[in-house]
Amino acid sequence: MVRVSSEQSDNPNSDGDRTPDRRSPRDTPQGRDFADFLMGSAPLPTESAAPLPGEQESLLEQPADTDGVPDTRILPDIPEVTTEDADGNGIPDNEEEIRDRAEVIGTSMRWFSGWCLRFLVIAAAATVLWIGSAKLWAGILPIILSIIVCTVLWPVVNTLRRWRFPNALAVLTSLLVFFSVIAGVIAAIAPSVVDQTGELVDKGTEGVEKIQNWVAGPPLNLQNDQIDNAIDQATSWLQNRTDQITQTAVAGVSAVTSAVVTLVVVLVLTFFFLKDGEKFLPMVRRVTGRRVGWHITEALTRCWNTLGGFIRTQALVSFIDAFFIGLGLLILGVPLAGPLAIITFFGGFIPIVGAFSAGALSVLVALVGKDFTTALIVLLIVIAVQQLEGNVLSPLLQSRAMNLHPVVVLLSVTVGGGLWGIIGAFLAVPVAAMIAEILRYIGDLTDLSTGEKTAEEIHFATESGEKGAERNVDAARRWREWRDSRKKVSAGRPGQGSETDTGAENDTEDAPR
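Counting along the sequence shown from 1, when you hit position 83 you're at 83 in UniProt numbering, and nothing is skipped either side.
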């Protein structure tokens, strides 16, 4: 038996009289806890349990403190209730409260349904963004292309600014240097093209005659009349489709006109982006506030660095393609080897179609300028270089430059090309890299909040990112302090649990932000 003594009462009117407790066992605190436990309405604390058999009636004989008089009651020894006693499965309870299965399942379902709702909201926003971008693609494309050009010219602009050039003059000089390089390349290949064009035309005529002689001999053994009939049929087929050819030509002229307009818009946007681009991030911080602006500045700077890495990597890959294909053409003695190598370099910036067109042109020139065997060798060289570049070199270099797995690079190009064609294939890799960079930054902030990483272990691109990280760490520390204080308050409330109290978990209105 355990004797529990209460403190002396401060009531001056108390005369120490005792009255017997006439309440039933269920009306006592121990009886209520035991009855609630049996009915499953509340967990039974380890401090209270069922009385031993035969001792239930002894509770009726204990004096009750009905009028504030101190008393000394004799309570029975209470055996500790474990999961083995309650459930009969022989597993100790480890002195933890028993939670109802419905409560556990309900909590899990609320968590799952909340994340499903968030996913639906994100999917709806992505759908709206998809439709809106399709409607505004004519205005979005020049912006994207101008940003890509800015990544190429930005180092030149910074160098000129360090040389005390005014801002606008530095931008104009960079644009002039850019177009001067392009004009110089064209001027370098123009003489060789002009000199060898006449020779190629003559060899092309000879090639057509060779083809006619080849089809006239074995194994085809075609007669001149049959060849003339085939030519006449091809001519009549073209004449019957004059309208379609005209429509295609008009569409081509329209596409060329649209491309010229887009090029002009890209040049204007590039000028202003290079001139006033440094004012963009401070404006974002003023609009969104410092706390959000710090994170936006860090995320956009990381995306900018990723895009610049993509352009440099693509230039390296295109140079390797042009070098090996041009070297093969030069060894085989194919005419216009230099111009074809330059065309291959610029074609490397246009995924799929650019490399294919440059390779086809090289094979055609080899066929006309040399012979069928040389053209076949050139075809094998082009296929080998493009396969090496597309399946090994490009994914490897781009994955290192943009911290992406080669499989992600290949899948991005495939999906982007299937959805948006050539432009999609060209922009798929940098877009995937920027998305991965944003997710990586969110992961860094999460690691800071959970304490898995410190700010010194993360490489930040800007000072704003470091300030945002410090703010994030401080907010996480204050939130943990608030959570611990809430747990202590919940533990001190009578009749409520410490960590399983639903009200304490949901009461987050005064949580630190």
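Yeah, the Cβ is synthetic: ideal placement off N, Cα and C, and Gly gets one too.
For Val385, the closest alpha carbon among the candidates Val256, Ile182, Phe323 is that of Phe323. Between Val185 and Ser174, the gap from beta carbon to beta carbon reaches 9 angstroms or more. For the options Ser394, Glu457, Ser362, Ile331, the alpha carbon positioned closest to that of Tyr441 is the one of Glu457. In the DSSP annotation of this structure, Thr454 is not part of any alpha helix (DSSP H), being labelled neither H nor E. Between the beta-carbon of Phe178 and that of Leu153 there is about 6 angstroms, and that keeps the pair under the 8 angstroms contact cut.
In the three-state reduction of the DSSP assignment, Arg164 falls in the coil class. Spatial neighbours of Phe271 in its own chain (CB-CB distance under 8 angstroms, excluding positions within 5 residues in sequence) are listed in chain order as Val171, Leu172, Leu175. Scanning its chain for C-beta atoms nearer than 7 angstroms, with the 5 sequence neighbours on each side dropped, one finds around Val409 the residues Pro395, Gln398, Ser399, Val429, in chain order. Ranking Ala401, Leu427, Ala234 by CA distance to the CA of Ile143 puts Leu427 first.
Taking a C-beta distance under 9 angstroms as the contact criterion, Ala366 and Leu327 do not qualify as a contact pair.
In the three-state DSSP reduction, Arg241 falls in the coil class, being neither helix nor strand.
When secondary structure is reduced to three states using DSSP, Thr462 falls in the coil class, being assigned neither helix nor strand.
DSSP places Lys135 inside the alpha helix (DSSP H), whose first and last residues are 101 to 135.
Inter-segment contact for the stretch 123 to 131 and the stretch 246 to 259 is absent: fewer than three beta-carbon pairs are separated by less than 8 angstroms. The three-state reading of DSSP puts Pro335 in coil, since its state is none of H, G, I, E or B. No Cβ-Cβ contact shorter than 9 angstroms links Val382 with Leu332. Here Ile377 carries a helix assignment [DSSP, helix/strand/coil].
Rounded to the nearest whole angstrom, the C-alpha separation of Asn391 and Pro406 is 9 angstroms.
In the structure shown, Asn403 falls within a coil segment according to DSSP collapsed to helix, strand and coil. DSSP places Phe280 in the uninterrupted alpha helix (DSSP H) bounded by 280 to 288. Contact check for Val264 and Leu145: beta-carbon distance about 12 angstroms, past the 8 angstroms limit, so the pair fails to qualify. Shown here, Ile350 sits in coil according to DSSP, grouped into three states, outside any helix or strand.
In the structure shown, Asp232 falls within a helical segment according to DSSP collapsed to helix, strand and coil. Counting every other CB atom within 10 Å of its CB across the protein chains shown gives Ala375 a total of 16 or more, marking it as buried.
With the rule of 3 Cβ pairs closer than 8 angstroms, the stretch 481 to 489 does not count as touching the stretch 301 to 308.
Asp371 sits in coil when the DSSP states are folded into three classes, being neither helix nor strand.
Taking 8 angstroms as the upper bound for CB-CB distance, Gly465 and Trp294 are in contact here, some 7 angstroms apart.
Taking C-beta atoms as the reference points, Leu141 and Thr262 count as a pair closer than 9 angstroms.
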